[in-house]
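Going by the working numbering, 138 is the number at position 80 of the sequence shown; the sequence numbering is gapless.
Idealized CB from N, CA, C, for every residue including glycine.
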Amino acid sequence: EFAYRIPRIRLEALNKLYAPELMNRFFDVVTVQKSLTKVLIDFSTASIQIVFGLILLSIYHPFFIVFGLILMLLVLVIIRLTARKGLETSLDESKHKYKIAHWLEELARTHYTFKLAGETCLPMEEVNRRTEKYIDARDAHFSILVKQYALMVSFKVLVALGLLVIGGVLVMEQQMNVGQFVAAEIIILLVIASVEKLVLSFETIYDMLTALEKIGQVTDLELEGSEGLSIPSSEEGMQVSLQNVSFSYEGEKRNIVRDISFEIQAGERLWISGQSDSGKSTLLYLIGGLYRIDQGSIALDGIPLGNYHPQLLRKEIGGYLRDEQLFDGTFMENITLGREGISFEDIRKTVASMGLDDIVRSLSNGYDTQIERQGRQFSKSTIARVLLARAIVNRPRLLLLENSFSVFSAQDRKQILEFLLSEEHAWTVVLTSSQNQEIDHLIDRKIVLENGTIKSHK
């Protein structure tokens with residue numbers, strides 16, 4: 059479920075979340091598996107014993123019907139007084155537990171930073187602060203469990219006392235004999251034991267409901283659509299049209315992109331330039347269908363972008379974007395991403411075009427070599443080459459290039475840009491960069507953005 063959903067979650071849903079930290083919720087699946095069995099067996103067994111016990115009691119004397127109703131009312135009162143608060147404190151406890159885990163993950167992710175900082179108290183101070191909040195939340199939850207147990211003890215005393223009084227009166231008035239009284243006493247004790255099991259199972263119920271809520275933090279995130287048109291395969295590049303496009307991130311008052319209109323012809327090379335925070339990257343993401351526009355329209359090959367099936371559309375789009383990374387897989391998997399229709403000959407040619415031949419030959423298992431997390435065994439320029447190879451290996455019709463090419467030497471940068479922007483490739487290219495004079499003679503048009511609008515178009 060998680061593996062299916064993660065690639066399909068809308069980027070808008072993750073803007074204010076840290077996706078790797080959310081994946082800790084997977085471990086709550088184990089909690090649900092353990093709790094569900096106990097709840098289904100213990101809770102249902104106790105409920106059945108209570109119901110049939112009260113029915114059997116009512117056979118001995120009609121007065122026990124009233125006694126049973128009062129017993130059920132007391133159980134409902136206990137649940138009413140403590141269940142809601144118990145669930146709230148359980149959720150609060152779980153929230154602070156994950157905050158501790160998140161801080162430890164942050165320390166591990168930025169361990170170089172804290173190592174270079176030398177003597178610093180921040181790691182311990184922050185973990186202590188979060189741990190204190192977790193302990194307070196746990197104490198609050200434990201106090202609810204203690205309260206429930208105390209009410210349970212009071213309940214047992216009241217029920218036992220009520221049975222003795224009622225049974226004694228009925229025996230003295232000869233409305234039931236001693237044998238019936240003893241049998242009723244045994245049934246009442248069984249009912250009390252079942253009620254006690256019911257109340258004590260609340261802790262397991264809290265754990266299960268809390269785990270389900272945490273899992274829901276991932277499964278409830280909005281997914282992209284799973285229906286739509288398949289973009290026709292073609293040897294030509296993709297035609298792109300933007301009409302009055304505006305967009306703002308959730309919670310932002312200003313539009314990052316405002317009322318932008320232009321067209322990109324099939325096979326054209328377009329350079330979107332502008333200073334930092336001018337909206338270049340956001341516009342690139344909108345063209346790639348990664349965000350939904352607030353107003354206006356974007357069409358690819360004359361069809362509105364929203365009419366396409368997202369996954370099928372992206373088979374025809376290659377991206378070298380800011381947040382692209384290598385993952386824990388083989389060299390070949392990091393290039394193909396498991397996409398169908400990519401032959402080994404395509405991979406070999408792409409690797410050669412990106413100057414990765416020598417790298418592959420130096421790897422112990424060649425294309426089947428396992429790459430370390432985020433490609434730690436490679437230089438930044440080698441990682442960039444692999445990411446570019448990933449973007450073009452399936453010969454996309456639209457190529458989106460966002461990342462800076464500054465990781466390459468001047469000569470390598472010139473060769474790579476000339477290859478990507480060469481007219482021998484049919485793909486349409488949209489490239490964003492603040493300043494890069496090396497591509498002036500390689501592009502067909504240039505658009506300059508300023509504060510989310512088009513400043514110049516030439």
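As an exercise, report each continuous alpha helix (DSSP H) stretch of at least 4 residues that is fully enclosed by the segment 154-194, in chain order.
169-174, all fully within the segment 154-194.
Give me the Cα-Cα distance between A242 and L127, rounded to the nearest whole angstrom.
Take the alpha-carbon of A242 and the one of L127: they are about 16 Å apart.
Identify every run of the beta strand (DSSP E) within the segment 310-384, keeping only runs that are complete inside it and at least 3 residues long; order them along the chain.
Look at the segment 310-384 and you find these whole runs of beta strand (DSSP E), each 3 residues long or longer: 315-322, 327-332, 353-358 and 375-378.
With Q301 as the anchor, note down where its beta strand (DSSP E) starts and where it stops.
Judged by DSSP secondary structure, Q301 falls within the beta strand (DSSP E) whose first and last residues are V298 to F305.
How should P454 be labelled, buried or exposed, when 16 other C-beta atoms within 10 angstroms of its C-beta is the threshold for buried?
Counting other Cβ atoms within 10 Å of its Cβ, P454 reaches 16 or more and is therefore classed as buried.
Buried versus exposed, by CB contacts within 10 Å (16 or more), D381
Flag for D381 reads exposed.
Spatially closest choice to A449 from V298, L384 and K191, by CA coordinates
Looking at V298, L384 and K191, the one whose alpha-carbon comes closest to that of A449 is L384.
Give a yes or no on whether the C-beta atoms belonging to T140 and Q206 are separated by under 8 Å.
In this structure, Q206 lies closer than 8 Å to T140 by Cβ.
Would you grab the beta carbon distance between I475 and Y378 for me? Rounded to a whole angstrom, and I think it's under 8 Å.
It should be noted that the sequence gives Leu, not Ile, for residue 475. Contact between L475 and Y378 is absent: CB atoms are separated by about 12 Å, not below the 8 Å threshold.
On the CB-based measure, 16 or more other CB atoms within 10 Å of its CB, does N452 come out buried or exposed?
Taking all protein chains shown into account, N452 has 16 or more neighbouring C-beta atoms within 10 Å of its C-beta and is therefore buried.
Which residue wins for smallest C-alpha separation from L227, given the options E163, L216 and F239?
The amino acid at residue 227 is misidentified as Leu; the sequence shows Val. Closest option to V227, Cα to Cα, is F239.
Straight-line CA distance for I356 to V298?
Looking at the two C-alpha atoms, the distance is approximately 7 Å.
Under a Cβ-count criterion, where at least 16 other Cβ atoms within 10 Å of its own Cβ denotes burial, should H154 be classed as buried or exposed?
H154 comes out buried.
State the beta-bridge partners of R83 as determined by DSSP.
DSSP lists no partner for R83.
First and last residue of the uninterrupted alpha helix (DSSP H) at I441:
Taken as a continuous stretch (DSSP letters only), the alpha helix (DSSP H) holding I441 covers K438 to I450.
Name the residue from V257, D194 and A198 whose alpha carbon lies nearest to the alpha carbon of V211.
Closest by alpha carbon: V257.
Quick one, which of M390, G346, I361 and S148 has its alpha-carbon nearest Q369's?
Cα-wise, what sits closest to Q369 is G346.
Own chain residues within Cβ distance below 6 Å of I193, not counting five before or after:
Once the five neighbours on either side are set aside, I193 has no close Cβ partner at all.
Look at G332 and E460 and say whether their C-beta atoms are less than 8 Å apart.
No, the Cβ-Cβ distance between G332 and E460 is not below 8 Å.
Where L216 and I244 are concerned, what is the direct C-alpha to C-alpha distance, given to the nearest angstrom?
Computed Cα separation, rounded: 16 Å.
Please report how far the alpha carbon of I330 lies from the alpha carbon of G510, in whole angstroms.
The alpha-carbon separation between I330 and G510 amounts to approximately 12 Å.
The segment 317-329 touching the segment 393-405, judged by at least three CB pairs closer than 8 Å
Contact between the segment 317-329 and the segment 393-405 is absent, because fewer than three Cβ pairs lie under 8 Å.
Do the segment 479-488 and the segment 303-321 meet, that is, are 3 or more Cβ pairs less than 8 Å apart?
Judged by Cβ distances under 8 Å, the segment 479-488 makes no contact with the segment 303-321, as fewer than three pairs qualify.
Going along the chain, which residues of its own chain have a beta-carbon closer than 8 Å to the beta-carbon of E285, five neighbours each way excluded?
Closer than 8 Å at Cβ, skipping near neighbours: H367.
Does the beta-carbon distance from D100 to K255 come in below 8 Å?
Going by C-beta atoms, D100 is nearer than 8 Å to K255.
Within 8 Å, strictly: CB atoms of T268 and A195
Contact: no.
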